[in-house]
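Asks: This is the structure I want to talk about, given as structure tokens.
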Amino acid sequence: MPMTALDIFKLLPKKNCGECGVPTCLAFAMMLANKQAELTKCPYVSPDVVEQLESSASPPMRTVKVGDIEIGGETELFRHEKKFFNQTAYALIIEDDLDDQSIVERAKKLDAMKYERIGIVSGVDLIGVKAKGDAQRFSDAVTLVNDNSGLPLVLMSEDPEVVESGLKVVSKSKPLIYAGSTNNCASMAKLAKEYACPLALYADDIDELVSLSEVAKSEGIEDIVLDLNLGAKPLRQTLEWLTILRRLSVKKLFRPLGFPVMINLDNGADVETQAIRAAIGTLKYTSLIIFKDLDPARLYPLTTLRTNIYTDPQALIQVNPGLYEIGKPNRNSPVIVTSNFSLTYFTVASDIEASKVPAHLLVVDTEGLSVMTAFAADKFTPEKIAETLTEYKVADKVDHRKLIIPGMIAMLKMKLEELTGWEVIVGVKDSSALPKYLKELSNG
Ligand code: SF4
């Protein structure tokens, strides 16, 4: 039976010194009970208490840092139960048998593979440098990639000597060592310890993976990533194993598997199913996916899927209220009102851009709700719009007194005119009609 916050509190030192990052031992006990903190953050817990608390008070899945990217640290099977914390990271491979110029070009290209959607920038997160030759070539390739990209690295080789040649170049930026297997686990673990870098463990079956994890832990390695060779298994089996691994870590608290899980699609996955495998991995519990290569046109929907899965379902995505300039509006440009729900804002803003008619976009604080939801919840009222108009001094920015409101809230027109003295124009019901509407408006 898991310990309650009060049970844990009784065992803590009760100094209330705040060194664990929260002001009191009780607050720390609550975080431990919720698996949101690690016991090691308190330097004063005695070893016997550590032993007593370890199984019930440490997070079910360790958060592992590769460069500046955090993976793992998940506590739930289903996103709606709380949220997922660290989104699936995507890595693309550069092989070291390319010539130097090609390595430089590819590193720069991967670094620049980024997209912006509803204000969130997404793209490739890491580069896997894969050894095909000797230690010297690997070290040269790692240097070239590191000099031409700001992305964290995965050092991919089965040979500890080759991996070490890369670690000598980039260990400070904490690359992931890929991978320790039955053939080399002890040597790879030694390197991970010496260079203080995370270690991926690779096995084809679960018992083997558990023993590798135990070996690595006995060598003092805490930052582990698990690869059960799911990149090459039939899709159904992949999904089943991903679910089993997540259940064993977060529900059964099975410590040898309490680490983030990865899929390497360079391990035999055929190109046709890569995107499907990556989508399954993103939906179900994979913290890191390595691609041999990936068409940017496939990366875009994957990153969109990822954003959807890893957005906190309890926090509405919103933009700051205010007066935004879309294009280069002047004193005669239209003023358009909308809500501060991110998706609404970015949709309206891009439809205005598409019209090529510069405009002022007045974003009202609707607490992150969309136009109709906010209206129904009494958060998009004439009073609120009038206050926003005054707060952001819109009258000082334009010579006219015309306000375009969304067609869906046409019923606010009269009251809003009364409150503001502005002429209120009922605009389009759907933002997709804005380009045509604005063009016609500007043509008089
Ligand atoms: Fe209490 Fe330890 Fe946190 Fe200090 S560091 S407040 S003793 S739990």
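When you number the sequence shown by this note's numbering, it's gap-free, plus one each residue, and the end is 445.
All C-beta atoms, glycine included, are put in the ideal place defined by N, C-alpha and C.
Bear in mind that the values here come from a model prediction, so they are computed numbers and not experimental data.
Any heavy atom of the ligand SF4 closer than 7 Å to the beta-carbon of Tyr45?
Replies: Numbered from its first residue, the sequence shown carries residue 45 at position 44. For the ligand SF4, at least one heavy atom lies less than 7 Å from the Cβ of Tyr45.
Asks: Just checking my contact of Leu156 with Ile178 at CB under 8 Å: how many whole Å lie between their CB atoms?
Replies: Your numbering for residue 156 matches position 155 in the sequence shown. Your numbering for residue 178 matches position 177 in the sequence shown. Between Ile178 and Leu156 the Cβ distance is about 6 Å, and since that is below 8 Å, they are a contact.
Asks: If you draw a straight line from the C-alpha of Ile225 to the C-alpha of Ile410, how long is it?
Replies: The sequence position of residue 225 within the sequence shown is 224, counting from 1. The sequence position of residue 410 within the sequence shown is 409, counting from 1. Using only the alpha carbons, I get a separation of about 53 Å.
Asks: Just to confirm, is the Cβ distance from Ala1 to Ala6 under 8 Å?
Replies: This structure cannot speak to residue 1, because the chain is shown only from 2 to 445.
Asks: Which residue comes first and which comes last in the beta strand (DSSP E) that contains Asn265?
Replies: The residue labelled residue 265 in the question sits at position 264 within the sequence shown. It spans 262-265 - the beta strand (DSSP E) in which Asn265 sits, taken as one unbroken run.
Asks: On the DSSP letters alone, give me the boundaries of the alpha helix (DSSP H) that Met32 sits inside.
Replies: In the sequence shown, residue 32 corresponds to position 31, counting from 1. From DSSP, the alpha helix (DSSP H) with Met32 extends over 26-34.
Asks: Count the other C-beta atoms from every protein chain shown that fall within 10 angstroms of the C-beta of Ile281, then say buried if there are 16 or more, exposed otherwise.
Replies: Residue numbering aside, residue 281 sits at position 280 when the sequence shown is read from its first letter. Under this definition Ile281 is a buried residue.
Asks: In whole angstroms, what separates the C-alpha of Cys18 from that of Cys26?
Replies: The residue labelled residue 18 in the question sits at position 17 within the sequence shown. The residue labelled residue 26 in the question sits at position 25 within the sequence shown. So the alpha carbons of these two residues sit roughly 8 Å apart.
Asks: If you measure from the CB of Pro60, is any heavy atom of the ligand SF4 nearer than 7 Å?
Replies: Within the sequence shown, the letter at position 59 stands for residue 60. Checking every heavy atom of the ligand SF4 against the Cβ of Pro60, none is found closer than 7 Å.
Asks: Whose C-beta lies closer than 7 Å to the C-beta of Arg138 among residues of the same chain, with five residues either side of it excluded?
Replies: Within the sequence shown, the letter at position 137 stands for residue 138. Correct list, in chain order: Asp97.
Asks: Determine the contact status of Gly73 and Arg63, defining contact as a CB-CB distance below 8 Å.
Replies: Within the sequence shown, the letter at position 72 stands for residue 73. Within the sequence shown, the letter at position 62 stands for residue 63. Contact flag set, yes.
Asks: Hey, quick one: how far does the alpha helix (DSSP H) through Leu404 stretch, first residue to last?
Replies: Here residue 404 is taken as the residue at index 403 of the sequence shown, counted from 1. It is not in any alpha helix (DSSP H) - Leu404 instead sits in the beta strand (DSSP E) that spans 403-406.
Asks: Got a sec? Which residues, its chain only, sit under 6 Å from Ala279 by beta carbon, not counting five neighbours each side?
Replies: Taking the first residue of the sequence shown as position 1, residue 279 is located at position 278. Ile290, Leu303.
Asks: Quick check on this structure: which residue in Ile245, Gln88, Asn147 has the alpha carbon closest to the alpha carbon of Val65?
Replies: Numbered from 1 along the sequence shown, position 64 holds the residue referred to as residue 65. If we check each option's Cα against that of Val65, Gln88 comes out closest.
Asks: Specify, as a first and last residue, the run of the beta strand (DSSP E) that Thr64 falls within.
Replies: As a position in the sequence shown, residue 64 is number 63, starting the count at 1. Where Thr64 is concerned, the enclosing beta strand (DSSP E) stretches over 64-67.
Asks: Considering only C-alpha positions, which residue in the set Asp8, Val23, Pro44 is nearest to Leu54?
Replies: Reading the sequence shown from its first residue, position 53 is the one you call residue 54. With distances taken between Cα atoms, Leu54 lies closest to Asp8.
Asks: Tell me where the alpha helix (DSSP H) around Phe139 begins and ends.
Replies: Mapped onto the sequence shown, residue 139 falls at position 138. Run containing Phe139: 136-149, per the alpha helix (DSSP H) assignment.
Asks: Find out if the Cβ-Cβ distance for the pair Leu243, Thr305 is shorter than 8 Å.
Replies: In the sequence shown, residue 243 corresponds to position 242, counting from 1. In the sequence shown, residue 305 corresponds to position 304, counting from 1. Not a contact, by the Cβ cut-off of 8 Å.
Asks: Out of Thr345, Lys84, Leu111, which has the shortest C-alpha to C-alpha gap to Tyr311?
Replies: By 1-based counting over the sequence shown, the position of residue 311 is 310. When each option's Cα is compared against that of Tyr311, the closest is Lys84.
Asks: Indicate the three-state DSSP secondary structure (helix, strand or coil) for Met157 in the structure shown.
Replies: Here residue 157 refers to the residue found at position 156 of the sequence shown. Strand at Met157.
Asks: Runs of 3 residues minimum, wholly inside the region 207-235: which ones carry the beta strand (DSSP E) assignment?
Replies: Here the runs fully enclosed are 225-228.
Asks: Quick check on the DSSP output: the alpha helix (DSSP H) that includes Ala378 runs from which residue to which?
Replies: For this step, residue 378 is matched to residue 377 along the sequence shown. That residue, Ala378, is in no alpha helix (DSSP H); it is neither H nor E in DSSP.
Asks: Using C-beta distances below 6 Å, list every residue in its chain close to Ala387, excluding the 5 sequence neighbours before and after it, in chain order.
Replies: The residue labelled residue 387 in the question sits at position 386 within the sequence shown. Answer for Ala387: Leu420, Thr421, listed in chain order.
Asks: Hey, is the region 158-172 in contact with the region 190-202, meaning 3+ C-beta pairs nearer than 8 Å?
Replies: The region 158-172 vs the region 190-202: in contact.
Asks: Let me know the secondary structure DSSP gives Ala360 once reduced to three states.
Replies: The residue labelled residue 360 in the question sits at position 359 within the sequence shown. DSSP places Ala360 in strand when its eight states are reduced to three.
Asks: Mind checking whether Val171 and Asn147 have CB atoms under 8 Å apart?
Replies: Position 170 of the sequence shown, counted from the first residue, corresponds to residue 171. Position 146 of the sequence shown, counted from the first residue, corresponds to residue 147. It is a contact, given that the beta carbons lie within the stated cut-off.
Asks: Cβ of Val338 less than 8 Å from any chain B Cβ?
Replies: Here there is only one protein chain, and chain B is not present.
Asks: Could you name the residues of the same chain whose beta carbon sits closer than 8 Å to that of Cys1, not counting the 5 residues immediately before and after it, in chain order?
Replies: Outside the displayed span of the chain (2 to 445) sits residue 1, for which this structure offers no information.
Asks: Below 8 Å, can you find three or more Cβ-Cβ pairs linking the region 429-442 to the region 357-366?
Replies: The answer is yes - the region 357-366 touches the region 429-442, with three or more Cβ pairs under 8 Å.
Asks: When the Cβ atoms of the region 253-266 are set against those of the region 230-242, are three or more pairs found closer than 8 Å?
Replies: Yes: the two stretches touch, three or more of their Cβ pairs being nearer than 8 Å.
Asks: Any idea if Gly68 is buried or exposed, counting beta-carbon neighbours within 10 angstroms, 16 or more meaning buried?
Replies: Position 67 of the sequence shown holds residue 68. Its Cβ being crowded by 16 or more others within 10 Å, Gly68 is buried.
Asks: I'd like the span of the alpha helix (DSSP H) that includes Leu317, first residue to last.
Replies: The count along the sequence shown starts at 1 and reaches residue 317 at position 316. Note, Leu317: premise wrong, no alpha helix (DSSP H); not H, not E.
Asks: For the beta strand (DSSP E) holding Leu202, just list the boundary residues, first then last.
Replies: Along the sequence shown, one-based indexing puts residue 202 at 201. Start and end: 200-203.
Asks: Look up Arg332 in the DSSP assignment and say whether it is helix, strand or coil.
Replies: For this step, residue 332 is matched to residue 331 along the sequence shown. It is coil, neither helix nor strand.
Asks: By the DSSP assignment, the alpha helix (DSSP H) with Gly259 in it spans what residues?
Replies: Position 258 of the sequence shown, counted from the first residue, corresponds to residue 259. It is not in any alpha helix (DSSP H) - Gly259 carries neither H nor E in the DSSP assignment.
Asks: Does the ligand SF4 have a heavy atom nearer than 7 Å to the CB of Lys16?
Replies: Locating residue 16 in the sequence shown gives position 15, where the first residue counts as 1. Yes, since a heavy atom of the ligand SF4 falls inside the 7 Å radius drawn around the Cβ of Lys16.
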